[in-house]
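In order, the protein sequences belong to chains D and Y.
To convert, note that position 98 of the first sequence is 103 in this note's numbering; the numbers rise steadily by one, no gaps.
To convert, note that position 129 of the second sequence is 240 in this note's numbering; the numbers rise steadily by one, no gaps.
By construction, the Cβ of each residue, glycine as well, lies at the ideal position given by its N, Cα and C atoms.
Here the structure is a predicted model, which means the values were calculated and not measured.
These notes concern the structure reproduced below.
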Amino acid sequence: MAVVRADSEAPIIEVRGLENRFGDQIVHQDLNLDVRRGEIIGVVGGSGTGKSVLMRSIIGLQTPAAGTIEVLGENMVGRSEDEAKNIRRRWGILFQNGALFSTLTVAENVEVPLREYFPKFGSQLMDEIASYKISMSGLPAEAGNKYPSELSGGMRKRAGLARALALDPELLFLDEPTAGLDPIGAQAFDQLILSLQKKLELTVFLITHDLDSLYAICDRVAVLADRRVIAVDTIDRLLQMDHPWIQEYFNGPRGRAAAAA
Amino acid sequence: MAATLASPDRLGGNIFSPAGALTIVRAGSVARELENTPDPLTIDLSRVERMDTVGAWLVHRSVRDRGARVTGASPELQELLRQVAQADHPAPVRPEGERGAVAELGAWTIESGRTLVGLLGFFGATLIGFLNLARHPKRFRYNAVVQRFDVVGVRALGIIGLMSFLIGIVIGQQGAVQLQQFGAEVYTINLIGRITVRELGPLMTAIMVAGRSGSAFAAQIGTMKITEEVDAMRTIGVSPVEALVIPRLIASVVMMPLLAFWAMLLSLVGGGLFCWISLEIPPLTYVQRLAEVVPATDLWVGLIKAPVFGFIIALAGCFQGMLVANDAEQVGLKTTAAVVQSIFLVIILDAVFAIFFSSIGWI
Ligand SMILES: Nc1ncnc2c1ncn2[C@@H]1O[C@H](COP(=O)(O)OP(=O)(O)OP(=O)(O)O)[C@@H](O)[C@H]1O
Ligand SMILES: [Mg+2]
């Protein structure tokens with residue numbers, strides 16, 4: 006365990022000069038971001054600043070107008086589906102709205118990536134893996150054979166996490182995982198991510214509005230504003246900067262409450 | 112990645128000693144090797160460099176089921192094993208059991224009955240909607256209705272016209288082949304005129320509209336149900352019946368007779384073209400003869416049926432759309448159901464109309 010890799014200095018995600026636009030609206034322009042191996046990086050920014058679009062570009066769902074993106078050392082822009090398969094096995098993604106397959110039960114949802122990449126596992130092992138992933142994500146076992154439409158919003162988030170963790174990924178993308186969770190659940194969620202990250206050498210790309218999560222688990226925080234990443238650093242250092250949005254964000258009443266906690 | 116060793120130890124047990132990475136990539140083969148190592152089993156983790164939760168699960172499972180002993184685990188590995196053990200709550204995977212054939216038949220019968228009753232209830236709800244609109248005419252959505260006119264009517268002109276034109280030719284050709292045997296090919300005009308105006312015009316148009324618009328109604332409303340748009344409307348105080356159902360009903364009731372008339376016309380043109388080219392009956396004679404043999408009541412029969420068909424199609428489409436709940440698959444199922452149901456009802460009604468019109472003497 007805890008093998009230090011020779012390439013630990015090379016970033017696991019490298020975004021250079023990214024530009025994204027929808028018609029006339031420019032969402033990103035000349036955006037740069039490095040994510041280091043093994044860190045939990047928080048991504049913050051006002052609603053509509055393009056956090057979800059940034060994530061979609063990194064995972065190859067959105068073709069950027071310009072710029073290069075490398076994930077796990079491989080170029081992501083303009084790749085064919087087949088080429089990208091190897092990388093897809095090494096990451097897990099939790100979408101903002103869960104994006105569970107509505108015609109499958111929760112456990113079957115978790116088994117989808119397993120069946121796709123490891124079809125030779127027996128169905129018993131498959132069911133066992135799905136069961137412990139479900140339980141690890143904080144869902145009761147009975148939720149296993151429920152359909153997504155029968156779950157609450159928070160339970161859907163957890164089911165999405167269970168699916169994202171199905172392949173024990175190296176890289177985890179989480180789009181607002183704690184939004185819509187009760188505070189106790191959100192804290193447990195944070196702890197779960199933290200402990201998994203420690204044990205599995207996980208790198209986590211965490212989009213969140215939850216200041217408590219930021220303080221509790223993020224190694225560094227990237228701030229999205231003015232179409233770019235204006236700063237990436239530890240919260241302590243971000244607090245020293247005098248950008249108005251950063252000040253308001255971390256030094257507002259909620260920010261101070263979270264800092265005190 | 113070094114080879115895995117399974118060797119007997121001094122106490123007569125077996126030591127399973129994987130090396131390198133014990134991760135999901137190797138889980139299949141490791142599981143098999145563990146199975147093939149007989150009890151009593153000792154798992155030696157001292158040579159493992161990397162382990163993920165799947166690897167930990169395989170170890171945990173052997174400890175749980177076979178009482179295997181684990182040695183040489185570093186604190187991190189122990190922690191991971193503990194975490195996996197904590198999460199060991201078997202969860203049911205597949206939905207609740209399948210039903211037997213008889214139960215399936217029973218469920219289907221009940222479901223069909225419910226659907227029919229539901230359709231009647233929905234019919235009632237739309238009538239109430241119409242009454243409410245009559246009392247508050249300001250709430251009527253002109254824009255929505257006009258937009259539906261365009262989608263249901265104007266955009267269907269091309270395909271319905273082409274279909275009818277071809278049907279006219281086919282009827283003429285098939286009729287002529289048979290009637291020529293009696294030297295009565297001039298009666299082909301009777302055949303074309305009466306069958307297209309009275310029956311095929313409205314019926315084929317209804318089938319086309321059911322496939323084009325009825326299905327679209329079900330899919331649109333069904334998708335809106337899934338995304339909770341319909342619920343949002345209700346809570347804001349907008350009645351889904353007024354906003355979604357009534358514009359579609361009106362559009363389909365108004366457009367069906369127009370489309371049916373258009374279909375009749377193009378069928379006659381197609382048939383006329385065939386008569387002209389193949390039977391050498393000049394267009395003028397064709398038109399004169401049509402006027403003699405096709406009674407005005409035929410046209411009325413066609414044009415009275417059409418709006419009723421339109422109503423049924425829109426009603427079934429919207430009703431099935433409203434029935435969608437839960438998941439995306441339902442949208443597909445209900446869209447299919449809408450088309451099947453509306454065509455089925457249209458054909459039954461057509462038979463009822465046939466009996467009705469002949470009994471009032473419009474033969
Ligand atoms: N498919 C799309 N078509 C057009 N515009 C889009 C599309 N997706 C996103 N946008 C626009 O891009 C901008 C960024 O959207 P994005 O979803 O990334 O915001 P976000 O930072 O994730 O916000 P939130 O915190 O609310 O989730 C928004 O202004 C949005 O309108
Ligand atoms: Mg977002």
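Is the distance from the Cβ of residue i to the Cβ of residue j below 8 Å?
i: P145 (chain D); j: L105 (chain D); result: no
i: I18 (chain D); j: V40 (chain D); result: yes
i: A236 (chain D); j: I251 (chain D); result: yes
i: F251 (chain Y); j: L244 (chain Y); result: yes
i: T446 (chain Y); j: A330 (chain Y); result: yes
i: L186 (chain D); j: K162 (chain D); result: yes
i: L172 (chain D); j: G78 (chain D); result: no
i: G383 (chain Y); j: S275 (chain Y); result: no
i: T208 (chain D); j: G65 (chain D); result: no
i: G143 (chain D); j: G190 (chain D); result: yes
i: I454 (chain Y); j: A321 (chain Y); result: yes
i: R158 (chain Y); j: T110 (chain D); result: no
i: G279 (chain Y); j: I303 (chain Y); result: yes
i: R246 (chain Y); j: A362 (chain Y); result: no
i: I222 (chain D); j: D195 (chain D); result: yes
If distances are taken between C-alpha atoms only, which option among the options comes closest to residue i?
i: S326 (chain Y); options: Y:I474, Y:E340, Y:V450 and Y:G124; result: Y:V450
i: M367 (chain Y); options: Y:Q258, Y:G421, Y:D461 and Y:K249; result: Y:G421
i: A255 (chain Y); options: Y:V356, Y:A407 and Y:Q452; result: Y:V356
i: A287 (chain Y); options: Y:A354, Y:V365, Y:V213 and Y:I392; result: Y:I392
i: R177 (chain Y); options: Y:P151, Y:E340 and Y:G381; result: Y:P151
i: T226 (chain Y); options: Y:F467, Y:A436 and Y:F430; result: Y:F430
i: I332 (chain Y); options: Y:E144, Y:L216, Y:P358 and Y:D155; result: Y:P358
i: A262 (chain D); options: D:S218, D:D231, D:D247 and D:V117; result: D:S218
i: E24 (chain D); options: D:L36, D:A15, D:P16 and D:Q30; result: D:L36
i: K249 (chain Y); options: Y:A354, Y:G217, Y:M433 and Y:Q452; result: Y:A354
i: Q30 (chain D); options: D:A70, D:I222 and D:I198; result: D:A70
i: A462 (chain Y); options: Y:A427, Y:M433, Y:K416 and Y:G472; result: Y:K416
i: S173 (chain Y); options: Y:T338, Y:Q189, Y:E146 and Y:P313; result: Y:E146
i: S185 (chain Y); options: Y:D155, Y:L277 and Y:L369; result: Y:D155
i: Q101 (chain D); options: D:F178, D:L197 and D:A193; result: D:F178
Any idea if residue i is buried or exposed, counting beta-carbon neighbours within 10 angstroms, 16 or more meaning buried?
i: G257 (chain D); result: exposed
i: S62 (chain D); result: buried
i: Y253 (chain Y); result: exposed
i: D163 (chain Y); result: buried
i: P351 (chain Y); result: buried
i: F385 (chain Y); result: buried
i: M60 (chain D); result: buried
i: G432 (chain Y); result: buried
At which residues does the alpha helix (DSSP H) containing residue i begin and terminate?
i: L244 (chain Y); result: A212 to R246
i: M141 (chain D); result: S128 to M141
i: L219 (chain D); result: L216 to I222
i: I271 (chain Y); result: L268 to Q291
i: L191 (chain Y); result: P186 to Q197
i: N114 (chain D); result: V111 to Y122
i: W96 (chain D); result: Unbroken run through W96 (chain D) is the beta strand (DSSP E), W96 to L99; no alpha helix (DSSP H).
i: V174 (chain Y); result: T164 to R177
i: L314 (chain Y); result: G312 to V320
i: A167 (chain D); result: G158 to A169
i: E88 (chain D); result: E88 (chain D) -> no alpha helix (DSSP H), and no H or E assigned at all.
i: V256 (chain Y); result: Y253 to R259
Can you name, in chain order, every residue of its own chain whose Cβ lies under 8 Å from the Cβ of residue i, other than the five neighbours on each side?
i: H171 (chain Y); result: L192, V195, A196 and D199
i: R94 (chain Y); result: The requested residue 94 (chain Y) does not occur in the structure, where chain Y is confined to residues 112 to 474.
i: A227 (chain D); result: L38, I46, G47, V48, V49, V234, A236 and V237
i: Y220 (chain D); result: I240, A263, A264 and A266
i: I466 (chain Y); result: none
i: G55 (chain D); result: N25, V32, H33, L229 and R232
Where do the N-terminal and C-terminal ends of the beta strand (DSSP E) with residue i fall, by residue?
i: W473 (chain Y); result: Note, W473 (chain Y): premise wrong, no beta strand (DSSP E); not H, not E.
i: A236 (chain D); result: R233 to D238
i: S128 (chain Y); result: N125 to S128
i: D5 (chain D); result: Residue 5 (chain D) is absent from the model: chain D starts at 6 and stops at 266.
Enumerate in chain order the residues of its own chain whose CB-to-CB distance from residue i is below 6 Å, with the five nearest sequence positions on each side excluded.
i: R210 (chain Y); result: none
i: I139 (chain D); result: G149 and A167
i: M6 (chain D); result: At M6 (chain D) the pLDDT is 38, less than 50, meaning the model places this residue with poor confidence; the figure from the coordinates comes in the next sentence. There are no such residues.
i: F255 (chain D); result: L244
i: W411 (chain Y); result: none
i: Q263 (chain Y); result: The identity of residue 263 (chain Y) in the sequence shown is Val, whereas the question assumes Gln. Cβ neighbours of V263 (chain Y) beyond the five flanking positions: S324, A362, S363 and M366.
Can you determine whether any heavy atom of ligand 3 sits closer than 7 Å to the C-beta of residue i, and answer yes or no?
i: S62 (chain D); result: Among the ligands present in this structure, namely ligand 1 and ligand 2, ligand 3 is not found.
Taking 8 Å as the threshold (beta carbon to beta carbon), is residue i in contact with chain B?
i: N147 (chain Y); result: Of the protein chains in the structure, D and Y, none is chain B.
Apart from the five residues just before and just after residue i, which ones in its own chain have a Cβ nearer than 7 Å to its Cβ?
i: P313 (chain Y); result: A371, G413, K416, A417 and F420
i: F123 (chain D); result: none
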